[in-house]
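Numbering (the numbering used here), first residue to last: 57 to 315.
Backbone N, C-alpha and C define an ideal beta-carbon position, used for all residues, glycine too.
Here the structure comes first, spelled out in structure tokens, and everything after it is commentary.
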């Protein structure tokens, strides 16, 4: 029996990655006999690489900041198609933007600012696609499945804003700040549900202080009244002192109060 899903995935990978296409032609796997019998031109069907670049551009659309700031944007983009992250995503039916985030964080690891931006954009991409989670127990607080805290080199959010402003104005990417000092900033990321089924949610980064960051990290698990009191006491406060802020975040959807 022909495994049509395997053939479809393999054909797409071969169209995107010439080196993989050569591996397919050299393969002795009987399941790939139909592809081996096809002409190279028939498999590629994209002699100018237009479709390939379009697919890669769509997959990395949410990584404009890190690509704009890195050493070789076009080269990094094209190399994604031959990366293990790309091939694993196709094999496992995973979203290509998630794979692109993992790939960019790996290959930009030696470039501090592009790496920080890649981590930020990868987290935002995941939150935009996060499914709605179950409600916490009644009376308990929990972080939304569409929110998280990420810690990045201090200055990351400001640099991201400067790049975004330059891109919107059609200007070159601004020069990178001085190398990170070792200090960090805590960013609360939140992607409210989209109002359109076909449109990704907007994702909002917000710099928060250590207490708010710790609250959201702790709220990864449901916080009942006793747990909230214990958390507040660790910061010299009472639970009732935190409630106005928590209700504000609940109205925004970043926190959920079980009912």
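*Apply the 10 Å Cβ neighbour rule to residue 84 and answer buried if 16 or more other Cβ atoms are within range, or exposed otherwise.*
In the chain shown, residue 84 corresponds to position 28, counting from 1. Using a 10 angstroms sphere on the CB of residue 84, the tally of other CB atoms stays under 16, which defines it as exposed.
*Going by the beta-carbon positions, is the gap between residue 75 and residue 118 smaller than 7 Å?*
What you label residue 75 is simply residue 19 of the chain shown in a count that begins at 1. What you label residue 118 is simply residue 62 of the chain shown in a count that begins at 1. At the C-beta level, residue 75 and residue 118 stay beyond 7 Å of one another.
*Could you check which residue in 265, 267, 314 has the C-alpha nearest to that of residue 281?*
Mapped onto the chain shown, residue 281 falls at position 225. Closest by C-alpha distance to residue 281, out of 265, 267, 314, is 314.
*Could you pull out every unbroken alpha helix (DSSP H) segment of at least 4 residues lying fully inside the region 100-169, listed in chain order?*
Qualifying alpha helix (DSSP H) stretches, in chain order: 106-115, 120-125, 129-135, 140-148, 152-163.
*Mind checking who residue 301 pairs with in its DSSP beta bridge?*
Within the chain shown, residue 301 is the residue found at index 245, counting from 1. Looking at the DSSP output, residue 301 bridges to nothing.
*Between which two residues does the beta strand (DSSP E) harbouring residue 198 extend?*
One-based indexing of the chain shown puts residue 198 at position 142. Note, residue 198: beta strand (DSSP E), 197-199.
*Mind pulling the alpha helix (DSSP H) runs of 4 or more residues that sit fully within the region 231-274?*
Entirely contained in the region 231-274, the alpha helix (DSSP H) runs reaching 4 residues are, in chain order, 266-274.
_I'd like to know if the region 188-205 and the region 242-251 are in contact, where contact means that at least 3 CB-CB pairs between them fall below 8 Å._
In short, these stretches touch, since the Cβ pair count reaches three.
*Which residues bound the beta strand (DSSP E) around residue 209?*
The sequence position of residue 209 within the chain shown is 153, counting from 1. Membership of residue 209 in the beta strand (DSSP E) is indicated by the continuous run 203-209.
*asked:* Let me make sure I understand the geometry here. Which of 128, 138, 123, 81 has the alpha-carbon closest to that of residue 108?
replied: Position 52 of the chain shown, counted from the start, is the residue given in the question as residue 108. Considering only alpha carbons, the answer is 138.
*Pairwise C-alpha distance: residue 309 and residue 191*: Translated into positions along the chain shown, residue 191 becomes position 135. Translated into positions along the chain shown, residue 309 becomes position 253. In a straight line, the C-alpha of residue 191 is about 12 Å away from that of residue 309.
*With 16 other CB atoms within 10 Å as the buried threshold, where does residue 130 fall?*
For the purposes of this step, residue 130 is taken as the residue at position 74 of the chain shown. With fewer than 16 Cβ atoms within 10 Å of its Cβ, residue 130 is classed as exposed.
_Whole-angstrom distance between residue 184 and residue 151, CA atom to CA atom_ = Taking the first residue of the chain shown as 1, we reach residue 151 at position 95. Taking the first residue of the chain shown as 1, we reach residue 184 at position 128. Answer to the nearest angstrom: the Cα atoms are 12 Å apart.
_So, under 8 Å CB-CB, residue 222 and residue 173 are touching, yes? Tell me the CB distance rounded to an integer number of Å._
As a first step, residue 222 must be located in the chain shown, where it is residue number 166. As a first step, residue 173 must be located in the chain shown, where it is residue number 117. Not confirmed; about 13 Å, so no contact.
_Spatial distance of residue 59 from residue 274 (CA atoms)_ = Position 3 of the chain shown, counting from 1, holds the residue named residue 59. Position 218 of the chain shown, counting from 1, holds the residue named residue 274. Separation of residue 59 and residue 274 (C-alpha to C-alpha, rounded to the nearest whole angstrom) is 46 Å.
*So, are the CB atoms of residue 120 and residue 126 less than 7 Å apart?*
Stepping through the chain shown from its first residue, residue 120 is reached at position 64. Stepping through the chain shown from its first residue, residue 126 is reached at position 70. No, they are not a contact pair.
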